[in-house]
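J.: Here it is, the structure, as structure tokens.
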Ligand SMILES: Nc1ncnc2c1ncn2[C@@H]1O[C@H](COP(=O)(O)OP(=O)(O)OP(=O)(O)O)[C@@H](O)[C@H]1O
Ligand SMILES: [Mg+2]
């Protein structure tokens, strides 16, 4: 066994001195985590962008009081990223993917709102008194009743003075904007509350939002195990395969095979060396995840086992490719051809739910799929039960990998 | 009786339709340097790889110190006493000289790393990366990796191919030292000069067969032909004089004249005879060598690159 640990150490040193393996093994996954974790997983929830064009201004151009207050109410909902447009500004044009939505507040919005609110108040008052009259019934003297009825009809006449045309808000947006309807609903809610406040009333239904431990993955939670799995795969498929081919081409395999060292010791050394690389990659990614995104992913024994199994599977496959394919160029080409599509098809790089259904089916045929799912369930969600089946698939792949490696790492008749 | 280090008996190796080794037998004795000399594709590598237990022969037997290369138990013992420099060997680029030799030493459970590095003049540059070495240094690292663990029998497959003349000469020195240290060396080459200078015995191998085998001197004596005097120009009268004294005289292309003599002392007789008769005589004297053996046995020459021409 001492031979194995010295060989592991030598192989590891050679690996650490290779610039391209350092780049693909460490630098690239860290960059991916930082870039995509930041782009898709910013700590604040996204604000919906909304342009407001207020046409309800006084002759000096200042917004009328209720229009100003309504804009204020929209702003304090904290749902919108509001931008104000001047009445004669052209509609902004979209650059990139940001959706353009414009809410127009019509001329006379304030006045109409004010008048209609007074009319509503009168309605409410009349309605309330009518109900009281009904409840009082026979107990009320006839004269009093007539008096009140008289007053009510005067109020109705009075109300007609205030009744004015409604001035509706206009929400413009693209037919492709899937958020337009939810945004309309949010504006409706804000408007309703605004009206209630004008009526000096409050809503009787309230919502208490409490934070419980309902599971919700953030983008980084998704990416971290995805990248760890994907780069353990490339280390195996591209790194191990080209290393194996290189050792064969240079005659190092022949020189070693002519010594008493057993074939098993060599394979074990290679696998152990790759396991160290995988563990360092995992540790570095977890450290970066914690420092930058505060993900607290502490690998337990089960996660470590999954990492070991994944490493076995892809190291085995890599040394199979390196052992079977003759030319060095073909080895690299095959490693790349297997790795890159698998990265994108397996869902390691973005959630499968974002892909069309048939692509989701394809993902289930890639070995990487089971590896990253098992690792995510175990490392991030801490859920052994949901990790069990994908982990079992990875275990089978690991066994297949080891058999392939053992079969193609030749110690004679190369 | 001298101990046998290696014995090959009617070895045959076929790759599909190609018969790479076609009934090869030879013996190598302890302490000698034995060369397999032959053109590209002659089957040299295949032959030594059978002896190194890296290839299974199609038929025939081979023994290393009496241990069979076809017996699994014996193979383990054989691997403990051999050292191998594969053809076109290159060590690991991203490891230093020392680390590469350590890799071989670990595999052989050897501990004489420092001795070997000093013996091959590599101790001073032990911490240099392999990729940064010159061609000659790289080859010496390979030899060091073969020699670490003090193997009794060392296989060197084309140890100087691809080296410049200076590095080649330097490598020859190390191989000669190796012989002095008492190791048995089996080397393959397509360089006449290399085989001639380094080996005790040579086997000339062509098309999977050994054409001729023996001590270099004996081969030259029996197949190399006579000592020759080559004249760039010689008067027709002078040719007549020599023929009159019974010498074998040939005109070859370019007007040159070749006189074959049996003994070296005859060289002086020929020159003296011509000068006495007033002819100018400045011949070039050619001793027969392996090249002549090769030419007379195989019927063609070996080029620098190992092709038959
Ligand atoms: N693994 C193999 N599969 C098929 N044919 C092979 C294999 N190895 C060698 N050969 C063929 O066997 C023959 C002998 O090859 P070998 O390498 O033993 O010759 P060699 O004398 O070492 O030549 P060189 O000077 O080029 O190294 C060649 O025709 C070669 O093409
Ligand atoms: Mg060869």
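Protein chains in written order, with our numbering: chain A, 8 to 421; chain B, 763 to 1071.
Glycine included, every Cβ here is placed at the ideal spot set by N, Cα and C.
The structure presented is a predicted model; accordingly, all values stated were derived computationally and were not measured.
On a Cα-Cα basis, can you pick out the residue from 124/A, 112/A, 159/A and 154/A that is closest to residue 422/A?
T.: In the structure displayed, chain A extends from 8 to 421; residue 422/A sits before or after that span and is not available.
J.: Excluding the 5 residues flanking residue 793/B on each side, which residues of the same chain have their C-beta closer than 7 Å to its C-beta?
T.: Along the second chain, read from residue 1 onward, the residue named residue 793/B stands at position 31. These residues qualify, in order along the chain: 944 and 946.
J.: Do residue 408/A and residue 320/A have their C-beta atoms within less than 8 Å of each other?
T.: The sequence position of residue 408/A within the first chain is 401, counting from 1. The sequence position of residue 320/A within the first chain is 313, counting from 1. In this structure, residue 320/A lies closer than 8 Å to residue 408/A by Cβ.
J.: Apply the 10 Å Cβ neighbour rule to residue 414/A and answer buried if 16 or more other Cβ atoms are within range, or exposed otherwise.
T.: Counted from its first residue, the first chain places residue 414/A at position 407. So residue 414/A counts as exposed.
J.: Can we count residue 1007/B as close to ligand 1, meaning its CB is less than 7 Å from some heavy atom?
T.: For the purposes of this step, residue 1007/B is taken as residue 245 along the second chain, with counting starting at 1. Residue side-chain check: residue 1007/B keeps its Cβ at 7 Å or more from all non-hydrogen atoms of ligand 1.
J.: Chain A beta carbons: is any one of them nearer than 8 Å to that of residue 861/B?
T.: Residue mapping note: residue 861/B aligns to position 99 of the second chain, counting from 1. Taking Cβ atoms only, chain A reaches closer than 8 Å to residue 861/B, which makes this a yes.
J.: CA-CA distance, residue 17/A and residue 287/A?
T.: Mapped onto the first chain, residue 17/A falls at position 10. Mapped onto the first chain, residue 287/A falls at position 280. Roughly 17 Å between the two C-alpha positions.
J.: Nearest-angstrom Cα distance between residue 908/B and residue 893/B?
T.: In the second chain, the residue the question calls residue 908/B occupies position 146. In the second chain, the residue the question calls residue 893/B occupies position 131. Rounded to the nearest angstrom, the two C-alpha atoms are 19 Å apart.
J.: Let me check one thing: in DSSP terms, what residues is residue 771/B bridge-paired to?
T.: On the second chain, residue 771/B is found 9 positions in, with the first residue counted as 1. Residue 771/B is bridged by DSSP to 823/B.
J.: Looking at the secondary structure, which residues open and close the alpha helix (DSSP H) in which residue 61/A lies?
T.: As a working mapping, residue 61/A is identified with position 54 in the first chain. For residue 61/A, there is no enclosing alpha helix (DSSP H); the enclosing beta strand (DSSP E) covers residues 55-61.
J.: Can you tell me whether residue 967/B is helix, strand or coil according to DSSP?
T.: Mapped onto the second chain, residue 967/B falls at position 205. Per DSSP, reduced to three states, the secondary structure at residue 967/B is strand.
J.: Counting only the same chain and skipping the five closest in sequence on each side, list residues whose C-beta sits under 7 Å from that of residue 289/A.
T.: Position 282 of the first chain, counting from 1, holds the residue named residue 289/A. Same-chain partners within the cutoff: 235, 306 and 314.
J.: Could you pull out every unbroken alpha helix (DSSP H) segment of at least 4 residues lying fully inside the region 229-257 of chain A, listed in chain order?
T.: 248-257
J.: For the alpha helix (DSSP H) holding residue 933/B, just list the boundary residues, first then last.
T.: Taking the first residue of the second chain as 1, we reach residue 933/B at position 171. Note, residue 933/B: alpha helix (DSSP H), 927-942.
J.: Which first and last residues belong to the beta strand (DSSP E) in which residue 1046/B is found?
T.: Reading the second chain from its first residue, position 284 is the one you call residue 1046/B. Residues 1046-1048.
J.: May I ask you to list, following chain order, the residues of the region 356-374 of chain A that have a beta carbon less than 8 Å from some beta carbon of chain B?
T.: none
J.: If I measure Cβ to Cβ from residue 973/B and keep anything under 8 Å in the same chain, skipping five residues before and after, which residues do I get?
T.: Taking the second chain and counting its residues from 1, one reaches residue 973/B at position 211. If we look at residue 973/B and ignore the five residues flanking it on each side, its Cβ neighbours are 966, 967, 1059 and 1060.
J.: Between the Cα of residue 322/A and those of 275/A, 356/A and 201/A, spot the shortest distance and give me the residue it belongs to.
T.: In the first chain, residue 322/A corresponds to position 315, counting from 1. Nearest of 275/A, 356/A and 201/A to residue 322/A, Cα basis: 275/A.
J.: Start and end of the alpha helix (DSSP H) containing residue 370/A?
T.: Taking the first residue of the first chain as 1, we reach residue 370/A at position 363. Segment 364-370, the alpha helix (DSSP H) holding residue 370/A.
J.: Would residue 109/A and residue 61/A be called neighbours here (beta carbons separated by less than 8 Å)?
T.: The residue given as residue 109/A occupies position 102 in the first chain. The residue given as residue 61/A occupies position 54 in the first chain. No, Cβ-Cβ distance for residue 109/A and residue 61/A is not below 8 Å.
J.: With a threshold of 8 Å between beta carbons, is residue 313/A in contact with chain B?
T.: The residue given as residue 313/A occupies position 306 in the first chain. By this cut-off, residue 313/A is not an interface position.
J.: Taking its Cβ as the centre, do 16 or more other Cβ atoms sit within 10 Å of residue 1044/B, making it buried, or is it exposed?
T.: Taking the first residue of the second chain as position 1, residue 1044/B is located at position 282. By the neighbour-count rule (16 or more Cβ atoms within 10 Å), residue 1044/B is not buried but exposed.
J.: Determine which residues share a DSSP beta bridge with residue 783/B and list them.
T.: Here residue 783/B refers to the residue found at position 21 of the second chain. Beta-bridge pairing links residue 783/B to 775/B.
J.: Tell me which residues of the region 264-282 of chain A have at least one Cβ-Cβ distance to chain B shorter than 7 Å, keeping chain order.
T.: 264, 265, 266, 267 and 268
J.: Please classify residue 958/B: is it buried, with 16 or more other beta-carbons within 10 angstroms of its beta-carbon, or exposed?
T.: The sequence position of residue 958/B within the second chain is 196, counting from 1. Residue 958/B should be labelled buried.
J.: Are the beta-carbon atoms belonging to residue 264/A and residue 418/A less than 8 Å from one another?
T.: Within the first chain, the letter at position 257 stands for residue 264/A. Within the first chain, the letter at position 411 stands for residue 418/A. One thing to note: residue 264/A has its Cβ within 8 Å of the Cβ of residue 418/A.
J.: Pull up the DSSP beta-bridge partners for residue 109/A, would you.
T.: Along the first chain, one-based indexing puts residue 109/A at 102. Looking at the DSSP assignment, residue 109/A forms a beta bridge with 58/A and 179/A.
J.: What residues from chain B crowd round residue 255/A, counting only those whose CB sits closer than 8 Å?
T.: Sequence index remark: in the first chain, residue 255/A carries index 248 (1-based). Within 8 Å Cβ-Cβ: nothing; residue 255/A doesn't reach chain B, min ~11 Å.
J.: Which term fits residue 899/B, buried or exposed, when burial requires 16 or more other beta carbons within 10 angstroms of its beta carbon?
T.: Translated into the one-based positions of the second chain, residue 899/B becomes position 137. Residue 899/B should be labelled buried.
J.: Can you tell me the Cα-Cα spacing of residue 50/A and residue 79/A, whole angstroms?
T.: In the first chain, residue 50/A corresponds to position 43, counting from 1. In the first chain, residue 79/A corresponds to position 72, counting from 1. Interpretation of residue 50/A is limited by its pLDDT of 47, a score under 50 that renders its predicted location unreliable; the figure taken from the coordinates is listed afterwards. Using only the alpha carbons, I get a separation of about 25 Å.
J.: Below 8 Å, how does it come out for the region 241-250 of chain A and the region 332-349 of chain A: are there three or more Cβ pairs, yes or no?
T.: Touching, yes, given that three or more Cβ pairs across the two stretches are closer than 8 Å.
J.: Three Cβ pairs or more, each shorter than 8 Å: is that satisfied between the region 880-893 of chain B and the region 855-862 of chain B?
T.: yes
J.: Apply the 10 Å Cβ neighbour rule to residue 379/A and answer buried if 16 or more other Cβ atoms are within range, or exposed otherwise.
T.: If you number the first chain from 1, residue 379/A lands on position 372. Buried, because 16 or more other Cβ atoms sit within 10 Å of the Cβ of residue 379/A.
J.: Just list the residues that DSSP pairs residue 950/B with in beta bridges.
T.: One-based indexing of the second chain puts residue 950/B at position 188. In the DSSP output, where bridge partners are listed per residue, residue 950/B has 798/B and 919/B.
J.: On the DSSP letters alone, give me the boundaries of the beta strand (DSSP E) that residue 266/A sits inside.
T.: Position 259 of the first chain, counted from the first residue, corresponds to residue 266/A. Counting along the chain, residue 266/A falls outside any beta strand (DSSP E), and DSSP gives it neither H nor E.
J.: Going by DSSP, name the residue or residues bridged to residue 1012/B.
T.: The residue labelled residue 1012/B in the question sits at position 250 within the second chain. Secondary-structure assignment with DSSP links residue 1012/B through a beta bridge to 1020/B.
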